[in-house]
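Scroll down for the structure; my scribbles are underneath it.
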Amino acid sequence: MPEQSDLEPVPPGEWHPYDYPSDVPFEASATTAQQTAVDAGPLPTADQTPPSEPPRLPQPEGIPQPRPWRVGIASALAGLLLGGGLVAVALHHDHTTTATNRSASATTATTQPTAQAPLVTPSGSLDVKAVLAKAEPAVVSIQSNISSRFGTGRAAGTGMLLTPDGEVLTNNHVVEGGSNIKVTIIGKGTHAAHVLGTSPNDDVALLQVEGVSGLPTVTLGSSGALQVGDSVVTVGNALALEGSPTVTTGIVSALNRSIDTDTGSLSNLIQTDAPINSGNSGGPLLNSSAQVVGMNTAVAGNAQNIGFAIAIDTIKPLISTLAKGGTPSSSSSSAAYLGVSLQDADQGGAQVTDVASGTPAAKAGMSVGDVITAIDGQSVGGASDLVTAIRSHKAGDKVQLTVQRNGASRTLSITLGNRPTNSQ
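Residue 416 is where the sequence shown starts when you use the working numbering, and the numbers rise one by one after that.
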């Protein structure tokens, strides 16, 4: 697999183990004060011991320092760690996907996009136990074997039951490159599973658990109804620990976030301060009515309490095609692409921290250190403003960027390009 750079990705495509010793602890953004332990009974997991003792992996030389955004995969490994990949602010158009409705014979997860009464305690606070009681039976743990030049190990993640006959929604990076996939269902034991379909560009996969029926399912809500400040709950197989599932609470910190790696990009993400730990990948982000509004996917490693979930409204159109064994079409080939990494500038604007060779930004003469203060005459307050503006365009559109360089202002005319495969 290709070598990746200094930041741990949320890869919609490739991932590989870091060259770290196998006893290095997993990176997590959780803080003890925010983590809510709820004893909801055991969430059994498969044996996390590798088939053979993995080799002690050498410490890599020359690991670069973190860039402004450092995002780690929220899946766990026994004996191996995941990592690599440049993560920056994504400058691309929204993914759009098309899929036909699922056949009438397929029983799917309950979908209730309308507002439901929140589950609250008599005092009016969020009733986490009530939320968990409704959703937790349909949350499963996922394990698979992985191999690399360093040895073999077991990868662990989380999934959600969508159908009574065992269709499981999870992240593509949880199962990509894995074999001997096992799914553990609360009260139902551990079963073999296989991949029905994947959408690597969206980091979504659908599994089929073999030989099961009559299973509980999650309720899919609407991420479009979310507002910043709404309470949310995460459930998952954190750190592949045995026993009760890890349950954390928090709020929606931001909406429509985008992150970019050298293997692809993800947009329309929900940002939350609910701790998302290694092993939580593929687990549900629940609203106060116990509806799934997102799928936990990533954690920012250079800051506390910044996690990301794929909005469920982005996932819903993919499910039909995945269930038929297909790979949903994606607009990534027509996604507007600038080709820079950004951070917020101290005095406002979006500061360029990297310009990828051969990209529209490079061809227009953009340089590291440039501060973008406006696009098409509209002020840019920070990196996220530029992300939002670029995402409103498509490949081929021309934009005018106002840039501050060495104390002087200049305007760059840029034709946005198609995002290349495996770009940085």
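Cβ atoms here follow ideal geometry from the backbone N, Cα and C, with glycine treated the same way.
Cβ shell of residue i (< 6 Å), same chain only, five flanking positions each side left out
i	result
aspartate 580	Ser628
isoleucine 600	Val555
threonine 447	Because threonine 447 sits at a pLDDT of 30, beneath the cut-off of 50, its placement in the model cannot be relied upon, and the point is left open.
serine 704	Gln531, Pro533
serine 520	With a pLDDT of only 31 at serine 520, under 50, the local geometry of the prediction cannot be trusted, and the value read off the model is given with reservation. Same-chain partners within the cutoff: there are none.
aspartate 759	Gly797, Ala798
glycine 456	Model confidence at glycine 456 stands at a pLDDT of 37, short of 50, so the residue's coordinates are unreliable and nothing is read from them.
Span of the alpha helix (DSSP H), counted from its first residue to its last, around residue i
i	result
threonine 736	727 to 738
valine 543	543 to 550
valine 589	587 to 590
Within 8 Å, strictly: CB atoms of residue i and residue j
i	j	result
valine 643	alanine 620	no
serine 638	arginine 806	no
arginine 414	aspartate 791	Given a span of 416 to 839 for the chain in the structure shown, any question on residue 414 remains unanswerable.
leucine 737	serine 562	no
valine 667	leucine 622	no
threonine 687	glycine 651	no
Opening and closing residue of the beta strand (DSSP E) in which residue i lies
i	result
lysine 813	813 to 820
proline 699	699 to 701
alanine 776	Premise fails: alanine 776 lies in the alpha helix (DSSP H), 775 to 778, not in any beta strand (DSSP E).
threonine 788	786 to 790
methionine 710	707 to 715
lysine 597	594 to 600
Own chain, CB closer than 8 Å to residue i, minus 5 neighbours either side, in chain order
i	result
glutamate 625	Gly581, His606, Ala607, Ala608, His609
proline 775	Tyr752, Leu753, Gly754, Ile829, Thr830, Leu831, Gly832
lysine 840	A question about residue 840 goes unanswered here, because the residues of the chain that appear run from 416 up to 839.
Close beta carbons around residue i, own chain, < 7 Å, minus the five adjacent residues each side
i	result
leucine 757	Ala503, Val504, Ala765, Gln766, Val767, Thr768, Ala798, Leu801
histidine 808	His508, Ala751, Val814, Leu831
glutamine 450	Residue placement at glutamine 450 is flagged as unreliable, the pLDDT there being 36, under the threshold of 50; a coordinate-derived value is accordingly withheld.
valine 783	Val767, Thr768, Asp769, Val770
leucine 827	Ala779, Gly780, Met781, Leu816, Val818
serine 748	Any reading at serine 748 needs caution, since the residue's pLDDT is 45, under 50, leaving its predicted position unreliable; the model's value is listed next. Excluding positions up to five away in sequence, the list reads Asn833.
alanine 461	With a pLDDT of only 34 at alanine 461, under the threshold of 50, the placement of this residue in the model should not be trusted; the figure read from the coordinates follows. Around alanine 461: Gln558, Lys597, Thr599, Thr605.
threonine 522	Since pLDDT at threonine 522 reaches only 40, below the 50 mark, its modelled position is unreliable, and the value read off the structure follows with that caveat. Closer than 7 Å at Cβ, skipping near neighbours: Thr578, Pro579.
Sheet register partners of residue i (DSSP bridge)
i	result
valine 619	Ser614
glutamine 758	Gln766
histidine 609	Gln623
asparagine 833	Ala751
valine 662	Val650
isoleucine 674	Leu681
Next on the checklist: For the pair the region 788 to 796 and the region 807 to 817, tell me if three or more CB-CB distances fall below 8 Å.
Outcome noted: By the C-beta criterion, the region 788 to 796 is judged to be in contact with the region 807 to 817, since at least 3 inter-stretch pairs fall below 8 Å.
Item to check | Segment contact flag, the region 716 to 730 with the region 756 to 772, C-beta cutoff 8 Å, min 3 pairs | outcome: No, the region 716 to 730 is not in contact with the region 756 to 772.
Checklist entry - Can at least three beta-carbon pairs, one atom from the region 584 to 598 and one from the region 679 to 696, be found at a separation below 8 Å? => result Cβ pair count under 8 Å is three or more, so yes.
Item to check | Given 8 Å, three or more beta-carbon pairs between the region 718 to 725 and the region 544 to 561 | outcome: No, the region 718 to 725 is not in contact with the region 544 to 561.
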